[in-house]
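In the numbering used here, the protein residues as written are 1 to 86. Where is the CB? At the ideal position from N, CA and C, for every residue including glycine.
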C-alpha cells in the first residue's frame with residue numbers, strides 16, 4: 001500500500017487517475033471514493049480522501065494505491081508527464 005498526497009480536488013484526481021489507467025490498458029470501475037481497475041491478472045485499487053486545503057488554499061487529496069509497485073510507479077510517471085504537458 002502506497003500513499004500520495006495530490007494538490008488537487010478528489011474529483012480532479014479521480015478524473016486524472018482514470019485517464020492514466022485507461023491509457024495503461026486497464027478496465028476501470030469508479031465508486032464513490034474508490035477506483036477499481038483490472039488488466040488481466042493485475043489489479044489496482046485506489047482510495048481517495050479529501051484533506052481540505054493547504055496554507056496556500058490548494059485543495060489536497062490523499063490517494064492510497066493498493067497494487068504492485070511497478071504499476072504504482074507507472075501511474076505516477078504518466079501523471080507527471082501529463083500534468084507537465086509531456
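- With 16 or more other CB atoms across the displayed protein chains lying within 10 angstroms of its CB, residue 14 is buried.
- Where residue 51 is concerned, the enclosing beta strand (DSSP E) starts and stops at 42-53.
- The bridge partners DSSP lists for residue 2 are 65.
- Under the three-state reduction of DSSP output, residue 36 falls in the strand class.
- In this structure, residue 30 sits away from residue 45, with a CB-CB distance that is not shorter than 8 Å.
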